[in-house]
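All remarks here apply to the structure that follows.
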Amino acid sequence: MIGNVLRWLNDPDNWNGTQFTTGIWAQLQTHLLYSVIAVLAALVIGLPLGLAIGHTGRATSLISGLNAVRALPTVGVLVLLVVIIAPHFHGRTSKGYIIPTLIVLILLAVPPILSNTYAGVQNVDPAVRDAAYGMGMTGPQVLWRVELPNSLPLIFSGLRSATLQVIATATIAAYVTLGGLGRFIYDGLAQQDYPQMISGGVLVAALALIADLVLALVQRYTVSRGLTKRFSKSTVGGAVAADLEEAGVEHT
Amino acid sequence: MIRFDHVTKRYPDGTVAVDGLTLEAPTGRITVFVGPSGCGKTTSLRMVNRMIEPTSGTITIDDRDVTSLPPHELRRTIGYVIQHAGLFPHRTVIDNVATVPFLLGTDKKQARARAAELLERVGLPAHFARRYPAQLSGGQQQRVGVARALAADPPVMLMDEPFSAVDPVVREQLQDQFLQLQEELGKTIVFVTHDIDEAIKLGDQIAVMAVGGHLAQLSSPADLLARPIDAFVAGFVGRDRGYRALGFARGAALPTTPEPTVRFGERVPPGGLEEWTLVVDDTDQPQGWLRSGPSGSPPGSPIDDAALFRGGTLATQGGSLRAALDACLSSPSGRGVVVDGDGRLEGTVHLDAVTDLIASRERAEVTGGADG
Amino acid sequence: MADVAYLPGLPRMLPALLPADDNSSPWRFPQYFADHFSEVMGWLWAHTWLSVVPVIAGLIIALPIGWLASRHKWAYPPMMTVSGLLYTIPSIALFVLVPPLLGLDPLSPLQVPIALTVYSVALLVRVVADGLGSVSEETLQAATAIGYTPVGRFFTVELPIAVPVITAGLRVAVVANVSIVAVAGTIGMVNLGLLFDQGFKLSTDTPYYPPIVLGLLLCVLLALVLDLLVILLGRMLTPWRKAVRS
Ligand SMILES: Nc1ncnc2c1ncn2[C@@H]1O[C@H](COP(=O)(O)OP(=O)(O)OP(=O)(O)O)[C@@H](O)[C@H]1O
Ligand SMILES: [Mg+2]
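Residue numbers (full-length UniProt numbering), protein chains in the order written: chain A, 1 to 252; chain B, 1 to 372; chain C, 1 to 246.
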């Protein structure tokens, strides 16, 4: 079986596509497009909101409310939204599927980013915040120059957790007839072409790992060494930490 | 000059942290707030830079009401050192120090150059500049905290227990350096501590506060020791007041007598020595006492570390009577060693002579009133 | 309901969400439940089993690994790296990758529980390591001094102290599993995810809501109940914390 999978992955036709099939490169592009849009949108929503809630200490109930969202099964929400929205689009357009998919992906990505940003600002040592005001910083200066840089480690672990969940869930877009790497999994399943199905799994896993690695690198060059105390901390595993952080697990 | 005028702070939960505080912190001097935990020291201090707003009363700096400026602008003109340093963990030491100059829009290069200079002044070697706070010891962090408060050269400094998080030896060092620095800079300083010894050592003026936020006594350190105003202050100032007060007493010159010496590293002469002989080094600085006779070093034996008794303390001519008394009491020979300002031997003094000086000073104080 | 049509300005997308007579209305899910009762209960049971058993298996595997990582400095970074990497792999990818890696049939019924166990281990190793790491050295030494054997000490001292942290991790794992298991329904595994699959397939022309709504409700309920059970279990195991909680 593993040999068949390797053969499938080695076939240039599977990468470039043929007259009748869409290739890996094209599906990868689609997968990335959905993922990037969703993560960016979630950042645009979650980051300012998290910073604002953390800085002002208002509307904190929103954060605990978010945790309830985790209990929603993503497939169920996706199917529900597709069923509601799709009939309103007619003709040769996949908007009726793309919009629900993006909504679900954004819904999935906002909580980790928002709650980690909030937790990051909250966790800033009160003495440090006090010193910042005491030195004569204004509220916005404290936010930008002290709270934000000090929250970056947690914000990044939230971002990485969100990215992983989005890449994983974008696979299900194929279930509702859209493109993306999930196509190979669902098509392989339908055609009982297991090498194709397993290759799809390999590709999604590889994409997730690469995306996490890229973000880990960005994190490394963005977060102050004074905070990471690098040398002792491993670079992967951010997602576990973020999910636990969201759930309020203290870790040492 | 900082003036508190009937300042009261009542927290929303009803706690009265400061009650009708009226006092002046003179320009160029160190005013220490001291008192038991929860007596309102921090609250009083933080009302000066408006980290806390008073419920009533006014605070002025050089006759200007602190509320006449927006808080952040006011704070940039006041150095503030907080208890656990509160350094920014994401910034290097040098950028921590340059915080306020950066806020004021000073050129980065210039601000960093000045910060480097300050680091040196507070006793941190240059290679610490590029480190992060997490890479510093507690004492080093405190130094950076002091340097950061000094960076914009503010005329006024507020210091909230800046030396409390370090061990006694380091604390003593920090205090000495701080006094040295203040001698050069002459800032107007309000200093908070709960340690009465620190207050007495550093303060030009001490404000003792009692729980409930009352000012119990405002006076010079010597006065505080000599005449606590009530039982609370007397209890707080503690034991050994008489002895500690000698720390401020500078009597007439100590009547020294010349002391025969031997040199460190040489040998005990063949004829032997007195029972106790003072040992000095090549520059005439006293090293310790040498014991001769049956139970001491025999003639011809080396005068080295093993032979030396280093127990005695030194008194400096022109220093306090407390140091002179201690030099006598701690000397194995019973003769107190007196040195000049450079640490060179001047002679020894007898306990009787020191107690005579103390007695004459006591009489002068009782008849002529005290001055610090 | 006839009068719905008279409400002016009602968004055109919403009428389906309002009570309606036809069988495809979202409010008809009780009817659907009643009609397919034994089938749905079977899926619910399978879903529950798939959500719980891998977490328990994961905990049993994670305990010794986490203990090793918490007591030996050298072991911590590599173990956190490996578990972090495993956690990075999307669940659906893991489902399809488990069979070839373990030499199972491509659609083996074991693939989902195995994949979820791997997931739970990845999450719980860190939790266990950090939970056990929070037990202070003095406590450990005191326990040893009293005369506990290392094994006795682990079960009577270290583990109980780590329970609150481990409980919090278990909550995350269980709730996440309920959602992930539903995904497995889309590749044909038997569980509540099939309700979504059916709803989707029955909605090709006009929306057919009942199975979708029923699936959402049951999944959320299941997640909440399991979450609550973990909390209760955690409290039962740490009676001394009641005093603090007050
Ligand atoms: N934000 C607040 N709300 C209510 N009460 C407060 C607040 N801050 C301080 N207090 C109370 O005001 C009193 C004075 O507090 P303050 O911090 O000024 O004491 P302190 O003299 O600095 O004590 P310490 O030596 O322990 O630092 C205390 O009783 C304290 O509990
Ligand atoms: Mg205080």
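We put the CB at the ideal spot given by N, CA and C, even for glycine.
Fair warning: this is a prediction, and the values are worked out from it, not measured in the lab.
Against chain C, the CB of residue 218 (chain A) has no partner CB under 8 Å away; the residue lies outside that interface. Burial check for residue 113 (chain B): the Cβ neighbour count within 10 Å stays below 16, so the residue is exposed.
Residue 78 (chain C): member of the alpha helix (DSSP H) spanning 76-88, first to last residue. The nearest non-hydrogen atom of ligand 2 is 7 Å or more from the C-beta of residue 277 (chain B). Nearest to residue 47 (chain C) by alpha-carbon distance, out of C:238, C:233, C:220 and C:231, is C:220. Put simply, the CB of residue 138 (chain A) is near chain B, with a gap under 8 Å to one of its CB atoms. Looking at the backbone, the Cα of residue 162 (chain C) and that of residue 121 (chain A) are separated by about 27 Å. Under the DSSP definition of a beta bridge, residue 289 (chain B) partners with B:278 and B:309. For the pair residue 177 (chain A) and residue 131 (chain C), the Cα-to-Cα distance works out to about 44 Å. Assignment of beta-bridge partners to residue 4 (chain B) by DSSP yields B:23 and B:59. When 8 Å is used as the limit between beta carbons, residue 59 (chain C) is near no residue of chain A, the shortest such separation being about 15 Å.
Around the C-beta of residue 134 (chain A), 16 or more other C-beta atoms lie within 10 Å, and the residue is accordingly described as buried.
The CB of residue 227 (chain A) comes closer than 7 Å to the CB of 89 and 90 in chain B, given here in chain order. A Cβ of chain A is located within less than 8 Å of the beta carbon of residue 100 (chain B).
Within chain A, the residues whose beta carbon sits less than 7 Å from that of residue 93 (chain C) are 201, 204 and 205, listed in sequence order.
Look at residue 88 (chain C): its C-beta is under 8 Å from a C-beta on chain A. For residue 1 (chain A), the nearest beta carbon of chain C is closer than 8 Å to its own beta carbon. Any Cβ of chain A closer than 8 Å to the Cβ of residue 111 (chain B) would place that residue at the interface, and such an atom is absent. Using a C-beta cut-off of 8 Å, the stretch 198-207 of chain B makes contact with the stretch 29-41 of chain B, since at least three inter-stretch Cβ pairs fall below that distance. Going by DSSP, residue 219 (chain B) is part of the beta strand (DSSP E) stretching over 214-219. If you compare the alpha carbons of B:348, B:320, B:127 and B:279 with that of residue 302 (chain B), the shortest gap goes to B:279. Counting along the chain, the unbroken alpha helix (DSSP H) around residue 42 (chain A) starts and ends at 24-56. Note on residue 20 (chain A): under 16 other CB atoms within 10 angstroms of its CB, so exposed under the neighbour-count rule.
In this chain, residue 106 (chain B) is not harboured by any alpha helix (DSSP H), its DSSP state being neither H nor E. Distances between the C-beta of residue 81 (chain B) and the heavy atoms of ligand 2 are all 7 Å or more. Residue contact check for residue 223 (chain C) against chain A: a CB pair falls below 8 Å.
At a cut-off of 7 Å, the beta-carbon of residue 9 (chain B) does not count as near ligand 2: no heavy atom of the ligand is closer than that. Beta-bridge partners of residue 336 (chain B) (DSSP): B:349. Excluding residues up to 5 positions away in sequence, 115 and 118 lie with their Cβ nearer than 6 Å to the Cβ of residue 63 (chain A) in the same chain.
Leaving aside the five residues that flank residue 46 (chain B) on each side, the residues in its chain whose CB is nearer than 7 Å to its CB run, in chain order, 52. Set against 7 Å, the gap from the CB of residue 40 (chain B) to the closest heavy atom of ligand 1 is smaller.
Here residue 162 (chain A) is near residue 42 (chain A), since their CB atoms are less than 8 Å apart. Look at residue 192 (chain B): its beta carbon is less than 7 Å from one of the heavy atoms in ligand 2. Between the stretch 52-72 of chain C and the stretch 121-140 of chain C, the count of C-beta pairs closer than 8 Å reaches three or more; the two stretches touch.
Two segments are said to touch when three or more pairs of C-beta atoms, one from each, lie closer than 8 Å; by this definition the stretch 147-154 of chain C does not touch the stretch 106-125 of chain C. In the structure shown, the three-state DSSP call for residue 122 (chain B) is coil.
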